[in-house]
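Residues 367 to 577 in my numbering are what the sequence shown spells out, letter by letter. One structure is given here, and the rest of the page talks about it.
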Amino acid sequence: MLYDTLYRHNQALSPAGLEHLPAALHALNAAVDDCQRAGKPVAGDAAILLLIRHLAHVAERDTPSVNVLRLRCEADRLAAAAAPALLDIAGKSVGGNDHAKRTFHYQARRALARLATAIGLDADDARINTVMGADHEDGTTELRHADIAVRVVPRGFLPDSEVSIIRCRDGQEVGKSHRAPIAELLDVAAFQRRLAGTPVDIGAVRLAAAA
Numbered sequence: 367m368l369y370d371t372l373y374r375h376n377q378a379l380s381p382a383g384l385e386h387l388p389a390a391l392h393a394l395n396a397a398v399d400d401c402q403r404a405g406k407p408v409a410g411d412a413a414i415l416l417l418i419r420h421l422a423h424v425a426e427r428d429t430p431s432v433n434v435l436r437l438r439c440e441a442d443r444l445a446a447a448a449a450p451a452l453l454d455i456a457g458k459s460v461g462g463n464d465h466a467k468r469t470f471h472y473q474a475r476r477a478l479a480r481l482a483t484a485i486g487l488d489a490d491d492a493r494i495n496t497v498m499g500a501d502h503e504d505g506t507t508e509l510r511h512a513d514i515a516v517r518v519v520p521r522g523f524l525p526d527s528e529v530s531i532i533r534c535r536d537g538q539e540v541g542k543s544h545r546a547p548i549a550e551l552l553d554v555a556a557f558q559r560r561l562a563g564t565p566v567d568i569g570a571v572r573l574a575a576a577a
């Protein structure tokens, strides 16, 4: 059902009370919702464009220079990279939380790709796949190689057991699963120590070669 209201028009024409960034941003977001309910294109709506200009004016007035903001943004990006979100998500169910689910598995794929390179797996012989499952499920991301499989889930059956390491023969699992915490996925040295302490042939081979 489409219907229009006066909200965004009134706010755009008389932006009283929108002198600070949080209020101006909230008004713009609410106006976008208002416009969509009316079934009108957001990009060309006059009220939306006026509120965008007002928001830009408030931001320009209240924030530091562009260069300072870029430096702060870069520092924030480095901090986020140093503490990936999958560390915060691990141990919790992501079923029903699409954003957390996609974030976890995206970062898990990247971590597995870095890990495969670090332990010397040929990229052509290793496959990384994600099965998201149904909305209420947590999903699984897996690195599969002829000699080893590394499976990652947001929440294991036991605490600190989000990573499973399984020996394979010609890509087929033949051994028992060895569990590890998600932090070891991001720490190559810790992961290699884990491999060295489990009967997974590739771990001993890689460590012996590295030595």
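All C-beta atoms, glycine included, are put in the ideal place defined by N, C-alpha and C. Source: prediction; values computed, not measured.
Item                                                                                             : Value
DSSP three-state assignment for alanine 576, whether helix, strand or coil                       : With a pLDDT of 40 at alanine 576, under the threshold of 50, the predicted position of this residue should be treated as unreliable, though the coordinate-derived value follows. Here alanine 576 sits in helix by DSSP.
Buried versus exposed, by CB contacts within 10 Å (16 or more), threonine 429                    : exposed
Rounded straight-line distance, which links the Cα of proline 520 to that of isoleucine 455      : 7 Å
Selected residue, minimal CA-CA separation from serine 530, among Tyr373, Leu509, Asp536, Gly537 : Leu509
Check whether alanine 413 and alanine 378 have beta carbons under 7 Å apart                      : yes
Span separating the alpha-carbon of histidine 360 from that of alanine 393                       : With the chain represented from 367 up to 577, any question about residue 360 goes unanswered, as that position is not in the structure.
Inter-residue spacing [alpha-carbon to alpha-carbon] between valine 518 and aspartate 399        : 38 Å
Between the CA atoms of arginine 468 and alanine 580 - distance to the nearest angstrom          : Only positions 367 to 577 of the chain appear in the structure, and residue 580 is not among them; the question remains open.
Nearest-angstrom beta carbon gap, arginine 475 and threonine 507 [assumed within contact, 8 Å]   : 6 Å
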